[in-house]
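Worksheet: the structure to be examined is printed underneath.
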DNA sequence: ATGTCATCTTTAAGATGA
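In full-length UniProt numbering, the protein residues as written are 1 to 262.
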């Protein structure tokens with residue numbers, strides 16, 4: 001089974017590229033983030049025309065997540081237990097969708113960006129990551145051999161090698177101790193980054209800002225992950241970042257990340 | 001040296017978020 005995660009930065013603007021990528025990538029399951037549309041605007045045919053079932057959760061112009069599978073898509077959920085909301089009053093956002101695909105509970109997750117460390121969005125981000133850890137821990141407490149994949153844009157660079165220059169991130173989000181701690185707590189709960197062992201850094205990134213020619217200058221960040229429960233991580237035989245997809249006109253600012261399972 | 005993109009809206013160029 002081949003499983004991928006990709007922040008497409010607008011499904012409507014990226015429809016043709018997503019379709020072309022699916023055709024050449026031969027993935028069985030893909031978790032998509034930042035679809036940036038409501039359910040009624042979502043171009044489901046991009047997936048269904050190629051034989052995938054697809055679930056989308058979008059509430060407006062921001063966020064939006066989808067999950068496409070050609071190995072089954074059952075028991076769809078559009079949030080996890082205790083998933084925090086945002087704003088005043090607090091409202092749920094479209095940042096999670098999941099289903100059981102080929103016996104694996106796969107999540108497509110778009111972790112809040114955090115904006116600035118003194119912004120309420122940053123505290124929201126930390127709450128969100130902690131709630132995700134609790135969800136994962138609860139499922140593994142029920143069944144330690146559960147096959148669960150937390151796939152998505154985590155908006156955290158867990159190690160210094162995951163950004164092109166730590167000095168450029170002084171005082172910025174994505175690299176703070178609290179964010180890295182929250183990510184590490186997910187790891188400690190049993191959810192391992194299954195890509196890093198097959199694509200070690202430095203210099204392996206999944207995101208390059210559109211601004212300032214970041215991609216040609218190799219100024220990227222590794223912030224997109226496939227975090228797998230122990231029983232699922234055991235099945236991984238290979239993984240890679242498809243940085244080719246970041247090239248050319250009309251690319252998303254994120255590259256797809258792909259893992260191979262037996 | 002600088003350098004983006006997508007979406008929405010007062011439907012033009014600006015504001016916003018990333």
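Yeah, the Cβ is synthetic: ideal placement off N, Cα and C, and Gly gets one too.
- Message: Tell me the DSSP secondary structure of residue 122 in three-state form.
- Response: It is helical.
- Task: Determine, using beta carbons only, whether residue 229 and residue 183 come nearer to each other than 8 Å.
- Result: Taking 8 Å as the Cβ cut-off, residue 229 and residue 183 do not qualify as a contacting pair.
- On a CA-only basis, which of 25, 225, 250, 244 is nearest residue 210? Give me that one, please. Closest by C-alpha distance to residue 210, out of 25, 225, 250, 244, is 250.
- Hey, could you find the ends of the alpha helix (DSSP H) residue 181 is sitting in? Counting along the chain, the alpha helix (DSSP H) containing residue 181 begins and ends at 177-188.
- Whose C-beta lies closer than 6 Å to the C-beta of residue 158 among residues of the same chain, with five residues either side of it excluded? Cβ neighbours of residue 158 beyond the five flanking positions: 180, 183.
- Item | Residue range of the unbroken alpha helix (DSSP H) whose run includes residue 47 | Unbroken alpha helix (DSSP H) run through residue 47: 45-48.
- Item | Among 255, 226, 40, 203, the one whose alpha carbon lies nearest that of residue 217 | A check of alpha carbon separations from residue 217 across 255, 226, 40, 203 identifies 203 as the nearest.
- Query: Hey, which unbroken runs of the beta strand (DSSP E) at 3 residues or more fall wholly within the segment 84-130?
  - Reply: Correct list: 96-101, 104-110.
- Task: Just the C-alpha distance for residue 102 and residue 171, rounded to the nearest angstrom, thanks.
- Result: Each residue's alpha carbon lies about 42 Å from the other.
- Sorted by chain position, which residues of the same chain lie with C-beta nearer than 6 Å to residue 81's C-beta, five sequence neighbours on each side aside? The residues are 135.
- Item | Closest residue to residue 199 among 260, 144, 148, 150 (Cα-Cα distance) | When each option's Cα is compared against that of residue 199, the closest is 260.
- With DSSP collapsed to three states, give me the class of residue 170. Reduced to three states, the DSSP call for residue 170 is coil.
- Which value, in whole angstroms, describes the spacing of the CA atoms of residue 117 and residue 54? Computed Cα separation, rounded: 35 Å.
- Task: Could you pull the start and end residues of the beta strand (DSSP E) that residue 69 belongs to?
- Result: Residue 69 -> beta strand (DSSP E) spans 65-69.
- Message: Per DSSP, what are the beta-bridge partners of residue 221 in this structure?
- Response: Beta-bridge pairing links residue 221 to 163, 207.
- Query: Could you give the residue range of the alpha helix (DSSP H) that holds residue 255?
  - Reply: Where residue 255 is concerned, there is no enclosing alpha helix (DSSP H), because DSSP gives it neither an H nor an E.
- Rounded C-alpha distance that separates residue 68 from residue 59: Spanning the two alpha carbons is a distance of roughly 18 Å.
- Grouping DSSP H, G and I as helix and E and B as strand, with all else coil, what is residue 34? In the displayed model, residue 34 falls within coil according to three-state DSSP, outside both helix and strand.
- Query: Would you report the Cα separation of residue 111 and residue 12, rounded to the nearest angstrom?
  - Reply: Each residue's alpha carbon lies about 21 Å from the other.
- Query: Is DSSP giving residue 55 helix, strand or coil here?
  - Reply: It is a strand residue.
- Counting pairs of beta carbons, one from the segment 134-151 and one from the segment 92-109, are three or more of them closer than 8 Å? Note that the segment 134-151 touches the segment 92-109; at least 3 beta-carbon pairs, one per stretch, sit closer than 8 Å.
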